[in-house]
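Protein sequence lines correspond, in order, to chains S and U.
As numbered in this note's numbering, residues 1 to 276 make up the first sequence, in order.
As numbered in this note's numbering, residues 277 to 584 make up the second sequence, in order.
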Amino acid sequence: MLINPTSPHQGDSWLERNIVDPSERHDSPIVLETKQLRVFYGENEAIHEGDLKFPEHQITALIGPSGSGKSTFLRSLNRMNDGVATVKGQILYRGVDVNQPEIDVYEMRRRIGMVFQRPNPFSKSIYDNIVFALRRRGVTDKATLDEIVETSLKQAAIWDEVKDSLQKSALALSGGQQQRLCIARAIAVQPDILLLDEPASALDPISTGKLEETLMTLKQKYTIIIVTHNMQQAARISDYTAFFNMGRALEYNETSKIFTRPKVQLTNNYVAGDFG
Amino acid sequence: MNNQLKKQLLKRSKAAKLERLGKSVSFLALMLITVTVFAIIIFVASKGFSTFFSNHVSFVDFITGKNWNPSVTNAKGQPEVGALPMIAGSFIVTILSALVATPFAIGAAIFMTEISPQRGAKILQPVIELLVGIPSVVYGFIGLTVIVPLTRSLFGGSGFGILSGTCVLFVMILPTVTSMSVDALRAVPRYYREAALALGATQWQTIYKVILRAATPGMLTAIVFGMARAFGEALAVQMVIGNAALLPTSLVSPASTLTSVLTTGIGNTVMGSLQNNALWSLALVLLVMSLIFNLVIRLIGRKGAMSK
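Take a look at the structure:
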């Protein structure tokens, strides 16, 4: 059966929602929570409602068809949509609403880092890429910088591949290595949360595998929220999954439940491959 | 049957003829431009070199001589055709105006692209385009009526000189350098900005450490372009610089540039005479310099392309 998600003829089934609260069934605390989050591009409302709670040291995957708003939602979380879109509602980071004008966005973005769809290293050496943000924060001690470079690259599982060529241009690395370098660069400032916007979509399967392994180990230290259009990827690595459609988070639950016993019809259709 | 097909395929269709015509027209246009450029270079070179070959002036004396008075012969029996004052004047006004214009141009370009793109596009862009379109005689006239009296009252002297020339050239090259810097900044990929901002860098840190670094080749091209324009500008400079073929002793002493001597002198000399040939030699220096500027721009562009 083919179901058109935009068709109003199916009654209100396309508005059917099922959002769980991870804090009720999980002992890890909630680090990030959105309340009545709405995002506008000019007059156009891209996110109608997204009330989600993200548990600490877990990987949460945001899935959904193209244009469902999952990337817009993610980019709003660390205010990367500032100046691009209007974001209304609350984004509670450990209880503090970071979506208010008084917030120092630069300090907030240090704590909530982001890795983009396309690997975007600077046209500098590998070493300079990693220490870029640290130098901007006034860290100049060579020994400290060296140590952070090593631990960040090790955590991103790329140290063995680049340790002998730290002064080489980051642009000489392969796409997969560049993406892991970008992760290392993001964790060099010791963030709390890592947001990843389809980080593997430009990578080949082997690089994707390595990236996923890296993320699995990183979750011990960081809370990870990842947008992906690859459902197998979401099923493989995430603990929680949110399904977005038409600017709404329709279903949010433990990943195993989303993929085996979805409660919302549209989620079922999507994970079964009927649309999207 | 087969014969008919053969006939159809071998017959030149109307479309094929038009195609051929179009190709030859565009090739002719290209040839016309190329021939013109080479003709100019050969003409100026042959005229310019005749000072050294027909009039037997030594090239070194020409480049290093400090006295410009082609109708007078010096103690050695050689005509006084020392071009150093003009060469120096041209370089000084060019470098000074570029030095003054660059910070303003980069600042305006940053404002237009990074800080307030909307206002930049609405207000600054039209203003800059307008400034580019103003004829140079207007700049010169404003320089003559405003800047020259101002420098006269501030620093004494006649008011004509390098300083006035620099002021006029600064305003003239500012829009060129700005609009090219804007292009260079806009060409920096968006993901560089995102990468820096997502790491918690402030907007200024992003501009200074990432965007400006990435745009450096383009900015250098913009500055060299501005310098080429300043070096070649004749009319406006001639109106305010004083036109004395002397080595400038201060910023407010009257001086001259290659272009100003050319425009004032070329109509008052007889073709083929030494006075006329000496001016052509100045034109040759000017041409060689603009070729060098073009070469520098290409080199910067190539280096920029490699580092990306």
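We put the beta carbon where it would ideally sit given N, CA and C, even for glycine.
Unbroken stretches of the alpha helix (DSSP H), 4 residues or longer, contained in the segment 484–545 of chain U: 488–508, 511–517 and 534–541
Residue range of the alpha helix (DSSP H) that includes S:Gln220: Residue numbering aside, residue 220 of chain S sits at position 220 when the first sequence is read from its first letter. Neither: S:Gln220 is in no alpha helix (DSSP H) and is coded neither H nor E.
Neighbour-count burial assignment, U:Val369, 16 or more Cβ in a 10 Å radius: Here residue 369 of chain U refers to the residue found at position 93 of the second sequence. With 16 or more other Cβ atoms within 10 Å, it is buried.
Nearest neighbour of S:Val264, chosen from S:Leu250, S:Ala272 and S:Ala170 [CA to CA]: In the first sequence, counting from the first residue as 1, residue 264 of chain S sits at position 264. Out of S:Leu250, S:Ala272 and S:Ala170, S:Leu250 has the C-alpha closest to the C-alpha of S:Val264.
Proximal chain U residues relative to S:Val84, where beta-carbon distance stays under 9 Å: Working through the first sequence from its first residue, we reach residue 84 of chain S at position 84. Neighbours of S:Val84 on chain U: none; closest Cβ ~10 Å, over 9 Å.
Candidates U:Phe569, U:Cys443 and U:Thr478: closest to U:Arg505 by CA position: Counting from one through the second sequence, the residue named residue 505 of chain U turns up at place 229. Comparing Cα positions, the closest option is U:Phe569.
Chain-order list of residues whose beta-carbon lies under 6 Å from that of U:Pro355 (same chain, five-residue window excluded): Against the second sequence, residue 355 of chain U aligns to sequence position 79. Result list for U:Pro355: Pro346, Thr349 and Leu550, in chain order.
Distance CB(U:Leu420)-CB(U:Val320) smaller than 8 Å: In the second sequence, residue 420 of chain U corresponds to position 144, counting from 1. In the second sequence, residue 320 of chain U corresponds to position 44, counting from 1. Cβ atoms of U:Leu420 and U:Val320: not closer than 8 Å.
Contacting positions in the segment 117–151 of chain S - beta carbon closer than 7 Å to chain U: Arg118, Asn120, Phe122, Ser123, Phe132, Ala133 and Arg136
Any chain U beta carbon closer than 8 Å to S:Glu102: Along the first sequence, read from residue 1 onward, the residue named residue 102 of chain S stands at position 102. Not closer than 8 Å to any Cβ of chain U, the Cβ of S:Glu102 fails to qualify, so no.
Beta carbon of U:Leu473 nearer than 8 Å to that of S:Met108: Sequence index remark: in the second sequence, residue 473 of chain U carries index 197 (1-based). Sequence index remark: in the first sequence, residue 108 of chain S carries index 108 (1-based). Contact flag unset, no.
Classification of S:Gln283 by the beta-carbon crowding that lies within 10 angstroms, buried from 16 upward: The shown model of chain S, from 1 to 276, leaves out residue 283 of chain S, and the question about it has no answer.
Cutoff 6 Å; reference S:Ile112; Cβ partners in own chain excluding five residues on either side: Position 112 of the first sequence, counted from the start, is the residue given in the question as residue 112 of chain S. Around S:Ile112: Asn78 and Ile193.
Which residues DSSP lists as bridging S:Leu114, in chain order: Residue 114 of chain S sits at position 114 when you count from the first residue of the first sequence. Sequence check: residue 114 of chain S is Met here, not Leu. Per DSSP, S:Leu195.
C-beta contact flag for S:Ile224 and S:Leu196 at 8 Å: Position 224 of the first sequence holds residue 224 of chain S. Position 196 of the first sequence holds residue 196 of chain S. Their beta carbons are under 8 Å apart, which means S:Ile224 touches S:Leu196 by this criterion.
Integer Cβ distance of S:Val189 from S:Ala242, believed to fall under 8 Å: Here the question's residue 189 of chain S lines up with position 189 in the first sequence. Here the question's residue 242 of chain S lines up with position 242 in the first sequence. So it is not a contact: roughly 26 Å between Cβ atoms.
Span separating the alpha-carbon of U:Pro512 from that of U:Ser373: To locate residue 512 of chain U, count along the second sequence from 1; it is residue 236. To locate residue 373 of chain U, count along the second sequence from 1; it is residue 97. The sequence given here has Ala at residue 512 of chain U, not Pro. If you take the alpha carbons of U:Ala512 and U:Ser373, they lie about 13 Å apart.
Alpha-carbon to alpha-carbon, U:Ile499 and U:Glu295: Taking the second sequence and counting its residues from 1, the one referred to as residue 295 of chain U is at position 19. Taking the second sequence and counting its residues from 1, the one referred to as residue 499 of chain U is at position 223. Whole-angstrom Cα-Cα distance: 41 Å.
Nearest neighbour of S:Lys70, chosen from S:Glu43, S:Leu92, S:Gly95 and S:Arg38 [CA to CA]: Here residue 70 of chain S refers to the residue found at position 70 of the first sequence. Ranking S:Glu43, S:Leu92, S:Gly95 and S:Arg38 by Cα distance to S:Lys70 puts S:Arg38 first.
Residues in the segment 177–192 of chain S having any Cβ partner in chain U nearer than 9 Å: Cys182, Arg185, Ala186, Ala188, Val189 and Pro191
Where the beta strand (DSSP E) containing S:Ile47 begins and where it ends: The count along the first sequence starts at 1 and reaches residue 47 of chain S at position 47. Its beta strand (DSSP E) spans residues Asn44 to Ile47.
8 Å Cβ cut-off: residues of chain S touching U:Gln481: Counting from one through the second sequence, the residue named residue 481 of chain U turns up at place 205. Within chain S, the residues Arg136 have their CB atoms less than 8 Å from the CB of U:Gln481, given in chain order.
Top-ranked residue by Cα proximity to U:Met456, from U:Ser334, U:Leu375, U:Met388 and U:Thr442: One-based indexing of the second sequence puts residue 456 of chain U at position 180. Checking every option, the nearest Cα to that of U:Met456 belongs to U:Met388.
Minimum Cβ-Cβ distance from S:Tyr106 to chain B less than 8 Å: No chain B is present in this structure, whose protein chains are S and U.
Residues bridged to S:Ile278 (per DSSP): Since the displayed chain S opens at 1 and closes at 276, residue 278 of chain S lies outside it and no answer follows.
Exposure of U:Trp480, with buried meaning 16 or more beta-carbon neighbours within 10 Å: Residue mapping note: residue 480 of chain U aligns to position 204 of the second sequence, counting from 1. Exposed is the call here.
DSSP three-state assignment for U:Pro361, whether helix, strand or coil: Stepping through the second sequence from its first residue, residue 361 of chain U is reached at position 85. The answer is helix: DSSP assigns U:Pro361 an H, G or I state.
Start and end residues, alpha helix (DSSP H) containing U:Phe328: The residue you call residue 328 of chain U lines up with position 52 of the second sequence. Element bounds for U:Phe328: Lys290 to Phe329.
Beta-carbon contacts of U:Ala377 that lie in its chain and below 7 Å, excluding the five residues immediately before and after: Taking the first residue of the second sequence as position 1, residue 377 of chain U is located at position 101. Cβ neighbours of U:Ala377 beyond the five flanking positions: Phe446, Ile449, Leu450, Val453 and Gly502.
U:Gly502 at chain S interface by Cβ criterion, 8 Å: As a first step, residue 502 of chain U is located in the second sequence; it is residue number 226 there, counting from the start. No, its Cβ sits nowhere closer than 8 Å to a Cβ of chain S.
Bounding residues of the beta strand (DSSP E) (the contiguous stretch that carries S:Ala188): Translated into the one-based positions of the first sequence, residue 188 of chain S becomes position 188. Here S:Ala188 belongs to no beta strand (DSSP E), and DSSP marks it neither H nor E.
Cβ-Cβ distance between S:Glu218 and S:Ala200 below 8 Å: Within the first sequence, numbered from 1, the residue matching residue 218 of chain S stands at position 218. Within the first sequence, numbered from 1, the residue matching residue 200 of chain S stands at position 200. The amino acid at residue 218 of chain S is misidentified as Glu; the sequence shows Leu. Not a contact, by the Cβ cut-off of 8 Å.
Assigned secondary structure, S:Ile103 (DSSP; H/G/I helix, E/B strand, else coil): Sequence index remark: in the first sequence, residue 103 of chain S carries index 103 (1-based). S:Ile103: coil per DSSP, three-state reduction.
Same chain, Cβ closer than 6 Å to S:Phe116, five either side skipped, listed in chain order: Counting from 1 along the first sequence, the entry for residue 116 of chain S is found at position 116. For S:Phe116, where only same-chain residues beyond five positions count, the Cβ hits under 6 Å are Asp197.
Per-residue contacts from S:Gly175 into chain U (C-beta, under 9 Å): Counting from one through the first sequence, the residue named residue 175 of chain S turns up at place 175. Within 9 Å Cβ-Cβ: nothing; S:Gly175 doesn't reach chain U, min ~13 Å.
Cβ-based burial, S:Pro8 [other Cβ within 10 Å; buried from 16]: One-based indexing of the first sequence puts residue 8 of chain S at position 8. Bear in mind that a pLDDT of 42 at S:Pro8, under 50, signals an unreliable position, so the number given afterwards is only what the model happens to contain. By the neighbour-count rule (16 or more Cβ atoms within 10 Å), S:Pro8 is not buried but exposed.
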